[in-house]
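The structure appears below as structure tokens.
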Amino acid sequence: MRIGIIGAGFVGQAIAKLAGANGHEVMISNSRGPDTLFSVRSALGCAAGTAAEAAAFGDIVVFAVPLKAYRSIPAGLLAGKIVIDTNNYYPERDGTIEELDRQQTTTSELLAAHLPQSRVVKAFNAIVMADVAKDGRPSGATDRRALPIAGDDADAKATVARLTGQFGFDVVDAGPLSEGWRFERARPAYCMRLNRAELERMLAATTRDAFVEEGAWRK
Ligand SMILES: NC(=O)c1ccc[n+]([C@@H]2O[C@H](COP(=O)([O-])OP(=O)(O)OC[C@H]3O[C@@H](n4cnc5c(N)ncnc54)[C@H](OP(=O)(O)O)[C@@H]3O)[C@@H](O)[C@H]2O)c1
1 MRIGIIGAGF VGQAIAKLAG ANGHEVMISN SRGPDTLFSV RSALGCAAGT AAEAAAFGDI
61 VVFAVPLKAY RSIPAGLLAG KIVIDTNNYY PERDGTIEEL DRQQTTTSEL LAAHLPQSRV
121 VKAFNAIVMA DVAKDGRPSG ATDRRALPIA GDDADAKATV ARLTGQFGFD VVDAGPLSEG
181 WRFERARPAY CMRLNRAELE RMLAATTRDA FVEEGAWRK
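Have a look at this one:
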């Protein structure tokens, strides 16, 4: 597949590397333009372009910019695309978003509302990028880690689940985007190393008031 990546930070680079290693064609981008990605492009062995070029390039487009910047990506660029939403909400970085604080919506529903012609799948938000490169295991391994996804389009979710499997992870489908709160930042399953059965149980048991201590997932 061709995978376009908007955002060339920790997430964009980690996913670009895994996608390339699994035989996909990758184009990465940032806000400052491809000239600023000269070394990154060489190190990852991928193409670099503008955000618009990466969006046009991808069958799948990975949305890996900080949440505060999501509206700066024009929706038209991503019309008709499967968009992987890796975002998490950090108020100290992104500013206060009251609908999220009041749990009236989820981060991925915000993005989906901004991208009405795209098929948004929430994925890869609940793993620290330092782990994404080293925790993958072959299918059937007893210690294979599972990652949660959510989305409103079954075909798009199946495509993202296959990609996640190639990267070495089982997948647990948490349901539509409206259920994505179950694995947002600071929820019990967030960035936890769990197998499929453990993750299924934890997502099902997560209640609206269940949060872990800030930063617990980095310990
Ligand atoms: N780091 C992790 O382990 C991790 C894990 C899971 C999820 N997440 C979440 O994933 C998202 C990305 O995180 P990150 O750690 O990769 O962030 P990061 O290292 O700060 O990188 C952000 C990237 O987004 C680019 N960007 C910002 N605005 C843009 C725009 N308008 N157009 C194109 N590119 C733009 C930046 O490019 P410039 O430098 O050119 O501005 C930069 O390359 C965040 O919501 C984060 O919370 C992070």
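In terms of the UniProt record's numbering, the sequence shown opens at residue 1 and continues consecutively. Think of the CB as a built atom: it goes at the ideal place given N, C-alpha and C, for glycine as much as any other residue.
Ligand 1 heavy atom lying under 7 Å from the CB of Ile127: yes
Distance, Gln13 Cα to Asn30 Cα: 11 Å
DSSP-derived helix/strand/coil call for Ser29: strand
Of the residues Tyr190, Ile3 and Ala216, the one placed nearest Thr206, counting alpha carbons only: Tyr190
Endpoints, the beta strand (DSSP E) within which Ala150 is located: Ala146 to Gly151
Element boundaries [beta strand (DSSP E), containing Val120]: Arg119 to Lys122
Check: Ile15 C-beta below 7 Å from any heavy atom of ligand 2: Ligand 2 is absent from the structure shown, which contains only ligand 1.
Ser29 beta carbon near ligand 1 (any heavy atom closer than 7 Å): yes
Ligand 1 heavy atom lying under 7 Å from the CB of Val26: no
Inter-stretch contact (C-beta, 8 Å, three-pair minimum) for the stretch 169-177 and the stretch 141-154: yes
Exposed unless 16 or more other CB atoms sit within 10 angstroms - verdict on Arg137: exposed
Every unbroken alpha helix (DSSP H) within the stretch 81-121, with a cutoff of 4 residues, ordered by chain: 91-94, 98-101 and 107-114
Coil, strand or helix - Ala48 by DSSP: strand
Paired residues, beta bridge with Val61 - DSSP: Gly4 and Val83
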